[in-house]
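Structure first, commentary second.
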Amino acid sequence: MQLRIPGPTPCPDEVLKAGGRQMINHRGKEFAEMTNRIVPKLKQCFQTKNDVLILTTSGTGGLESAVVNTLSPGDKVLGVSIGFFGERFAECASVYGAQVIPLKYEWGKAAAPDDIKRALKDNPGIKAVMVTHNETSTGVTNPLKEIARVVKDAGKLILVDAVSSLSSIDLPVDEWDLDVVITGSQKGWMVPPGLAFASVSERGWKAQAEAKMPKFYFDYARAKKFAAEGQTPWTPAVAIFFGLDVALDMMLKEGLQNIFARHTRVADKARKWAKAKGMRLVPDEKFASNTVTAVNAPDDMDVSKFLSMLRDEYKVVIAGGQGAMKGKIFRIGHLGFVGEKDMDEVLAAMDKALPKAKKE
Ligand code: PLP
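Taking our numbering, the leading residue of the sequence shown gets 14, the next gets one more, and so forth.
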């Protein structure tokens, strides 16, 4: 089976084998040693000297942790949204009582740094900017470096959803001065779902000390205290830690730059295929993601037929659209454990399924 949705993604055999090991005491020496090996490797992938916390939760839990640890009810935040996940991040802040000023774009578009600059100027008192690095629903990668620059020039906090980009697309956290950056294990990390990682800058910690939103499970201060002992406050997803230890070794052996280049090559194949078939990508190609390719379905395509045919006849699983894009687009996930040969197989199957997926 070729599982090519944008997460969960396939895991290498070595990772699965490690995850199948017998349990250990999460308050014991072996677990602490493993955590103390994992955290520095994670920091290398985040390209940061900041603290990186490991939370047992999905990506959304990670986003919620960023909100409750940096904000207080009533705080003004700019919620930059270019799709489904940008809306989710903003909604989470709003549920906890933040005053979200939305900066919404048509789905498929990238956010413009100048718009953010203007919004910060027009709305005095904004505390933080919330932004998605890679919008999985539309296959768009935001120009985060430039966005971060305008946010920092304005002296605001920046909270980043990097769930479907970090470790697959270059994201130098320290160089871009990002305050809280969240990602999820089931995306580019070659391990199963179950963990989220959060990097927290010095400014992030200052905000954490003042933040008044309610928090318990996701309290970063508590997580940091336990991390000093190689532990987590609550029972962690131990099996995912086992796999992660192995996956991170594989990733660092390959080298970050090589990983980014591989993702670019694989994504290029997907983009070229779509264009050769006369289809339009959802994003402007300048912002097309290297982890997920979103393609507008041709008028005569029945998307759900296409997806089920690929799955049942060709053993290839890709994704449809989310929210407003359901039935209108399809998405090929190519992040984590993926190579050019995998994409060749996926595209060959799509070639075969395409003529048989017409609307009745
Ligand atoms: N943000 C982005 C950009 C995502 O792609 C996803 C998952 O697809 C999430 C957040 C939510 O992560 P999870 O489903 O692990 O809660």
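Ideal Cβ placement from N, Cα and C applies to all residues, glycine included.
Nothing here was measured: the structure is a model prediction, and the numbers come from that model.
Bridge partner(s) assigned by DSSP for residue i
i      : result
Gly5   : Outside the displayed span of the chain (14 to 373) sits residue 5, for which this structure offers no information.
Val93  : Leu116
Leu66  : Ala211
Gly197 : Ala209
Lys371 : Met314
Leu179 : Ile182
Continuous alpha helix (DSSP H) stretch holding residue i: start and end
i      : result
Pro53  : Lys42 to Phe59
Thr73  : Gly72 to Thr83
Gly32  : Asp26 to Gly32
Asp190 : No alpha helix (DSSP H) contains Asp190, which DSSP labels as neither H nor E.
Leu396 : The question about residue 396 has no answer, for the chain in this structure spans 14 to 373.
Expected contact under 8 Å - CB spacing of residue i and residue j to nearest Å
i      : j      : result
Asp209 : Gly75  : Looking at the sequence shown, residue 209 is not Asp but Ala. Confirmed, Cβ separation roughly 3 Å.
Asp228 : Val81  : With the sequence shown as reference, residue 228 is identified as Lys, and Asp is not the correct amino acid for it. With 8 Å as the limit, Lys228 and Val81 qualify as a contact, their Cβ atoms being about 4 Å apart.
Gly92  : Leu116 : 7 Å
Cys24  : Met264 : Not really, about 12 Å apart at Cβ, beyond 8 Å.
Ser302 : Gly152 : 5 Å
Asp187 : Thr61  : 5 Å
Phe6   : Arg34  : Outside the displayed span of the chain (14 to 373) sits residue 6, for which this structure offers no information.
Ala103 : Ile160 : Not confirmed; about 15 Å, so no contact.
Arg101 : Thr73  : 7 Å
Phe343 : Ala332 : 7 Å
Ala283 : Met356 : 6 Å
Ser198 : Leu257 : 7 Å
Thr196 : Ala175 : 5 Å
Ile182 : His276 : 7 Å
Cys189 : Leu157 : Note that residue 189 is Trp in the sequence shown, not Cys. So it is a contact: roughly 7 Å between Cβ atoms.
Pro246 : Ala260 : Contact doesn't hold; Cβ gap of about 24 Å is too wide.
Ala45  : Ala211 : Not a contact, Cβ separation roughly 20 Å.
Pro19  : Ser177 : 6 Å
Asp315 : Lys372 : 5 Å
Ser94  : Tyr118 : 7 Å
Neighbour-count burial assignment, residue i, 16 or more Cβ in a 10 Å radius
i      : result
Asn271 : exposed
Lys290 : exposed
Lys8   : Nothing can be reported for residue 8, as the shown portion of the chain is limited to 14 through 373.
Lys169 : buried
Gly99  : buried
Glu242 : exposed
Asn7   : An answer regarding residue 7 cannot be provided, because it is not within the stretch 14 to 373 covered by the chain.
Ser321 : exposed
Gly349 : buried
Val90  : buried
Gln57  : exposed
Asn63  : buried
Met8   : The displayed coordinates of the chain run from 14 to 373. Any statement about residue 8 would go beyond what the structure contains.
Thr304 : buried
Thr248 : exposed
Asn155 : buried
Asp364 : exposed
Asp135 : exposed
Ala222 : exposed
Pro8   : The requested residue 8 is not part of the displayed model; the chain covers only 14 to 373.
Ala337 : exposed
Arg131 : exposed
Val308 : buried
Ala234 : exposed
Val193 : buried
Met143 : buried
Asp88  : buried
Host beta strand (DSSP E) of residue i (start-end)
i      : result
Ile18  : Per DSSP, Ile18 belongs to no beta strand (DSSP E) and is neither H nor E.
Ala209 : Leu208 to Val213
Leu157 : No beta strand (DSSP E) holds Leu157; the alpha helix (DSSP H) holding it covers Leu157 to Asp166.
Asp174 : Leu170 to Asp174
Worksheet item: Counting by C-beta, which residues lie closer than 5 Å to a heavy atom of the ligand GDP, in chain order?
Response: You won't find the ligand GDP in this model; what it holds is the ligand PLP.
Practice prompt. Within the region 232 to 314, note down every full alpha helix (DSSP H) run reaching 4 residues or more, in order along the chain.
Written response: List check, alpha helix (DSSP H) in window: 233 to 240, 251 to 267 and 269 to 289.
Worksheet item: Which ranges would you report for the alpha helix (DSSP H) in the region 109 to 153 if only whole runs of at least 4 residues count?
Response: Whole alpha helix (DSSP H) segments, 4+ residues: 126 to 135.
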